[in-house]
Amino acid sequence: MSRRKQRSAFDQVSEFDRGRIVAYRDCGLSFREIGSRVGRNQTTVMWIYVTVGCRRVRRTEMVDCIHLSALLHQSGLSKRRPLLGLPLTQNRRRLRRQWCDERRMWAAEWNEVVFTDESSICLQHHDGRIRV
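Going by the working numbering, the residue at position 113 of the sequence shown is 262; the numbering climbs one at a time, nothing skipped.
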């Protein structure tokens, strides 16, 4: 539906129906169910709810950096982000790679393990897997 048709459909809805749409939506009904109760298209109902009943701020004002810094400073906060991890030195890289290499085959190793507390396992035949 074009913007012009949406707008004309929006203009033809009475104030009472607009209030009903907002009330139905606040009760938790879907746009489709509201449209069937009010006798309007689902898109028209959604358009009405967004423009009339959805009381959200549509635009935000620009806040300058100085004002933001002052507000953060008053609250005891700062704009700086903390250091999230250790710096990667050569030694740290080596230790990290070693840790990853040791655990690389874990998935393959766990495929060879069977937990014996399951009743569906037959323990007489050896299939090469480790029983735990």
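All C-beta atoms, glycine included, are put in the ideal place defined by N, C-alpha and C.
Give me the Cα-Cα distance between residue i and residue j, rounded to the nearest whole angstrom.
i           : j           : result
residue 202 : residue 161 : 17 angstroms
residue 216 : residue 229 : 16 angstroms
residue 245 : residue 176 : 54 angstroms
residue 192 : residue 220 : 42 angstroms
residue 198 : residue 173 : 10 angstroms
residue 196 : residue 240 : 60 angstroms
residue 225 : residue 238 : 33 angstroms
residue 218 : residue 227 : 7 angstroms
Should residue i be labelled buried (16 or more other beta-carbon atoms within 10 Å of its own) or exposed?
i           : result
residue 248 : exposed
residue 180 : buried
residue 255 : exposed
residue 242 : exposed
residue 252 : exposed
residue 189 : buried
Per DSSP, what kind of secondary structure is residue i in: helix, strand or coil?
i           : result
residue 177 : coil
residue 184 : helix
residue 260 : coil
residue 190 : coil
residue 202 : helix
residue 243 : helix
residue 161 : coil
residue 220 : helix
residue 168 : helix
residue 195 : helix
residue 253 : coil
Is it true that the CB of residue j sits closer than 8 angstroms to the CB of residue i?
i           : j           : result
residue 194 : residue 184 : yes
Counting only the same chain and skipping the five closest in sequence on each side, list residues whose C-beta sits under 7 angstroms from that of residue i.
i           : result
residue 223 : none
residue 187 : 166, 169, 170 and 194
residue 268 : Residue placement at residue 268 is flagged as unreliable, the pLDDT there being 49, under the threshold of 50; a coordinate-derived value is accordingly withheld.
May I ask whether a heavy atom of the ligand FMN can be found less than 7 angstroms away from the beta carbon of residue i?
i           : result
residue 183 : Ligands are entirely absent from the displayed structure, and the ligand FMN is therefore not among its contents.
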